[in-house]
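Chains A and B, in that order, give the protein sequences. Quick note: the working numbering has the first sequence finishing at residue 138, numbered continuously throughout. Quick note: the working numbering has the second sequence finishing at residue 728, numbered continuously throughout. In this text, a Cβ means the ideal position worked out from N, Cα and C, and glycines have one as well.
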Amino acid sequence: MHEISLLENVREILQEHAKTQHFKQVKQITLEIGQLSCVEPEALRFGFDVVMKESLAKDAKLILATLKGLGICDKCKQPVSIETLYDPCELCGNPFVTVTQGNEMKIKDLIVI
Amino acid sequence: MCGICGCGQTEQKHSHHHNHDHSHSHADNERLIQVEQDLLSKNNGYAEQNRAYFKQHHIFTLNLVSSPGAGKTSLLVETIKALKESFPIAVIEGDQQTEHDADRIRTTGIPALQINTGRACHLDAHSIGHAAMDLKLKPNSLLAIENVGNLVCPSSFDLGEAHKVVVLSVTEGDDKPIKYPDMFYAADLMILNKIDLLPYVDFDVERCINYAKKVNPNIAIIQLSVTKGSNFIEWTKWLEHGVANRDSQ
Chain A
26 MHEISLLENV REILQEHAKT QHFKQVKQIT LEIGQLSCVE PEALRFGFDV
76 VMKESLAKDA KLILATLKGL GICDKCKQPV SIETLYDPCE LCGNPFVTVT
126 QGNEMKIKDL IVI
Chain B
480 MCGICGCGQT EQKHSHHHNH DHSHSHADNE RLIQVEQDLL SKNNGYAEQN
530 RAYFKQHHIF TLNLVSSPGA GKTSLLVETI KALKESFPIA VIEGDQQTEH
580 DADRIRTTGI PALQINTGRA CHLDAHSIGH AAMDLKLKPN SLLAIENVGN
630 LVCPSSFDLG EAHKVVVLSV TEGDDKPIKY PDMFYAADLM ILNKIDLLPY
680 VDFDVERCIN YAKKVNPNIA IIQLSVTKGS NFIEWTKWLE HGVANRDSQ
């Protein structure tokens with residue numbers, strides 16, 4: 026499953042930041058996961074301990090913050106909420122909405138020592 | 480040292496950092512560091528390096544994705560036979576195990592390199608960069624990357640390609656685009672293959688196209704049969720156009 030690949034990327038990013046920001050251990054990590062992204066938060070949680078087991082983030086607390094899906098309707102140009110990539114505009118029913126938020130998968134911040 | 484990503488064996492140095500050096504004290508020497516960095520930033524960094532390399536050498540690169548068995552390898556074999564006299568072609572194959580697909584491609588006489596991903600369900604940009612170097616790609620060529628058969632995970636992983644091309648076959652069910660929206664959202668072209676089998680399967684072409692356009696209004700669609708050759712010319716024309724106009728992609 027690719028949540029493992031993503032977490033391996035996270036581990037590498039943490040190792041790079043540890044060098045530039047001079048810390049040895051990660052106590053807490055906050056990940057922002059967009060509602061529309063192709064990541065299953067629970068799979069991330071499941072994989073996190075496995076991937077971080079022998080790393081600087083061993084036993085770190087994982088906080089998952091969900092970002093709502095948002096877009097702009099291509100027709101009425103209003104900002105709207107969306108729950109999937111193919112939701113129509115909730116205001117005018119137009120099927121085409123340009124996504125402005127919800128595809129993100131990012132490391133927001135760390136608590137480190 | 481790799482000529483695209485600059486890495487040695489295991490060391491990876493890339494310039495895709497977003498360092499927000501804002502920290503303040505907590506108890507027990509703890510401090511908060513703002514990171515604001517994409518989980519995929521490492522892969523995206525490698526992908527951008529690949530993209531720059533392809534642009535510099537005028538290489539038109541495609542990332543072919545599909546479920547297993549939709550016909551990607553067969554499509555590539557027939558494409559190579561039709562176009563190899565028109566421009567140089569090279570192929571990178573991705574599978575969990577075996578060299579079977581690369582072997583099939585090599586029977587056409589063009590270079591192919593197999594990446595075995597092991598337990599990983601998709602190709603990644605770093606390994607593509609190395610493969611591209613190993614292939615010694617000629618300028619002005621077509622590079623086709625055949626991804627691991629998987630309609631889910633490859634959608635997240637940019638390889639540095641000009642386009643993702645999703646191959647769907649009529650034996651798979653006409654609602655696949657809405658069931659696997661991430662892939663069809665990420666693709667610029669959908670090839671609907673095995674149209675010669677339409678009389679024998681319960682597949683509604685119009686419904687399938689509507690689902691694909693619902694997820695991705697801008698997706699182009701080509702219906703063809705690789706084995707019978709039906710409408711294959713629409714695909715080869717699309718490719719010729721892409722290769723000729725690669726620098727404006």
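I'd like to confirm the pairing. Which residues does DSSP put opposite residue i in its beta bridges?
{"i": "B:F539", "result": "B:L621"}
{"i": "A:G59", "result": "A:L92"}
{"i": "A:V35", "result": "In the DSSP output, where bridge partners are listed per residue, A:V35 has none listed."}
{"i": "B:N595", "result": "B:D574"}
{"i": "B:A691", "result": "DSSP output for B:A691 lists no bridge partner at all."}
{"i": "B:M480", "result": "B:M480 is not bridged to any residue."}
{"i": "B:M669", "result": "B:V645 and B:I700"}
{"i": "A:V122", "result": "A:C98"}
{"i": "B:A569", "result": "B:L622"}
{"i": "B:S545", "result": "B:V646"}
{"i": "A:V51", "result": "A:V137"}
{"i": "A:L87", "result": "A:I54"}
For residue i and residue j, what's the separation of their Cα atoms in angstroms?
{"i": "B:H592", "j": "B:Q528", "result": "Position check: residue 592 of chain B holds Leu in this sequence, whereas His was assumed. Straight-line Cα distance between these residues: approximately 20 Å."}
{"i": "B:V570", "j": "A:P104", "result": "43 Å"}
{"i": "A:T55", "j": "A:V137", "result": "12 Å"}
{"i": "A:F121", "j": "B:C481", "result": "43 Å"}
{"i": "B:I584", "j": "B:T558", "result": "10 Å"}
{"i": "A:G96", "j": "A:K49", "result": "40 Å"}
{"i": "A:L92", "j": "B:A691", "result": "25 Å"}
{"i": "B:L676", "j": "B:T650", "result": "8 Å"}
{"i": "B:V556", "j": "B:G708", "result": "12 Å"}
{"i": "B:R725", "j": "A:H47", "result": "44 Å"}
{"i": "A:L81", "j": "A:H42", "result": "11 Å"}
{"i": "B:E515", "j": "A:D134", "result": "7 Å"}
{"i": "A:K78", "j": "B:E578", "result": "33 Å"}
{"i": "B:V644", "j": "B:R510", "result": "45 Å"}
{"i": "B:V705", "j": "B:I607", "result": "26 Å"}
{"i": "B:N498", "j": "B:I512", "result": "Confidence at B:N498 is low in this model, with a pLDDT of 40, below 50, so its placement is unreliable and no value can be given for it."}
{"i": "B:I538", "j": "B:V684", "result": "33 Å"}
{"i": "B:G639", "j": "B:I688", "result": "27 Å"}
{"i": "B:S553", "j": "B:T587", "result": "11 Å"}
{"i": "A:G94", "j": "A:V76", "result": "28 Å"}
{"i": "A:F71", "j": "A:E65", "result": "10 Å"}
{"i": "B:L668", "j": "B:G721", "result": "12 Å"}
{"i": "B:P656", "j": "B:V694", "result": "7 Å"}
{"i": "A:G127", "j": "B:N542", "result": "24 Å"}
{"i": "A:C63", "j": "B:S635", "result": "7 Å"}
{"i": "B:Q575", "j": "B:H601", "result": "9 Å"}
{"i": "A:V139", "j": "B:L518", "result": "The requested residue 139 of chain A does not occur in the structure, where chain A is confined to residues 26 to 138."}
{"i": "B:I700", "j": "A:L116", "result": "30 Å"}
{"i": "B:Y659", "j": "B:S545", "result": "11 Å"}
For my contact list, residue i and residue j are in at a C-beta cut-off of 8 Å; report their separation, rounded to the angstrom.
{"i": "A:T125", "j": "A:L61", "result": "No, A:T125 and A:L61 are not in contact; Cβ-Cβ is about 11 Å, not under 8 Å."}
{"i": "B:G551", "j": "B:V646", "result": "Looking at the sequence itself, residue 551 of chain B is Lys, so the reference to Gly does not match. Right, their Cβ atoms sit about 5 Å apart."}
{"i": "B:N522", "j": "B:D603", "result": "6 Å"}
{"i": "A:I38", "j": "A:L89", "result": "A:I38 to A:L89, Cβ: 16 Å. No contact."}
{"i": "B:L703", "j": "B:N672", "result": "6 Å"}
{"i": "B:R686", "j": "B:D653", "result": "5 Å"}
{"i": "A:S30", "j": "B:A599", "result": "6 Å"}
{"i": "B:G628", "j": "B:P547", "result": "3 Å"}
{"i": "B:S620", "j": "B:P567", "result": "4 Å"}
{"i": "B:I589", "j": "B:A610", "result": "Not quite, the Cβ-Cβ distance comes to about 15 Å (not below 8 Å), so this is no contact."}
Can you tell me where the beta strand (DSSP E) with residue i in it begins and where it stops?
{"i": "B:L518", "result": "From DSSP, B:L518 is part of no beta strand (DSSP E); its letter is neither H nor E."}
{"i": "A:P104", "result": "P104 to S106"}
{"i": "A:M77", "result": "Premise fails: A:M77 lies in the alpha helix (DSSP H), P66 to M77, not in any beta strand (DSSP E)."}
I want to check one thing, is the minimum distance from the CB of residue i to the heavy atoms of the ligand ATP below 6 Å?
{"i": "B:N508", "result": "This structure lacks the ligand ATP, and indeed carries no ligand of any kind."}
Along the alpha helix (DSSP H) that carries residue i, what are the first and last residues, could you check?
{"i": "A:M130", "result": "Segment M130 to V137 is the beta strand (DSSP E) holding A:M130; no alpha helix (DSSP H) there."}
{"i": "B:H579", "result": "H579 to R585"}
{"i": "B:L676", "result": "Counting along the chain, B:L676 falls outside any alpha helix (DSSP H), and DSSP gives it neither H nor E."}
{"i": "B:E719", "result": "F711 to A723"}
{"i": "B:K707", "result": "From DSSP, B:K707 is part of no alpha helix (DSSP H); its letter is neither H nor E."}
{"i": "B:K615", "result": "Taken as a continuous stretch (DSSP letters only), B:K615 belongs to no alpha helix (DSSP H), as it is neither H nor E."}
{"i": "A:P113", "result": "From DSSP, A:P113 is part of no alpha helix (DSSP H); its letter is neither H nor E."}
{"i": "B:S553", "result": "K551 to L562"}
{"i": "B:P656", "result": "K655 to K658"}
Cβ-based contacts, 8 Å cut-off: residues of the segment 657 to 676 of chain B near chain A = From the segment 657 to 676 of chain B, only I657, P660, D661 and Y664 have a Cβ closer than 8 Å to chain A.
Please name the residues in the segment 578 to 609 of chain B whose beta-carbon is closer than 9 Å to at least one beta-carbon of chain A, in chain order.
-> R598, A599, C600, H601 and D603
Got a sec: which bits of the segment 104 to 128 of chain A sit with their beta carbon under 8 Å from any beta carbon on chain B, in order along the chain?
-> T109, L110, Y111, P120 and F121
Quick one: which residues of the segment 622 to 646 of chain B get their C-beta closer than 8 Å to a C-beta of chain A? List them in chain order.
-> V631, C632, S634, S635 and F636
Looking at chain B, which residues of the segment 34 to 47 of chain A have a Cβ within less than 8 Å of any of its Cβ atoms?
-> N34, V35, E37, I38, E41, H42, T45 and Q46
Listed in chain order, which residues of the segment 522 to 536 of chain B have Cβ atoms closer than 8 Å to some Cβ of chain A?
-> N522
Pull out every residue of the segment 674 to 701 of chain B whose Cβ sits closer than 9 Å to any Cβ of chain A, in chain order.
-> Y690, K692, K693, V694, N695 and P696
Please name the residues in the segment 556 to 574 of chain B whose beta-carbon is closer than 8 Å to at least one beta-carbon of chain A, in chain order.
-> none
Quick one, which residues of the segment 70 to 90 of chain A are near chain B if we go by CB-CB under 7 Å, in chain order?
-> none
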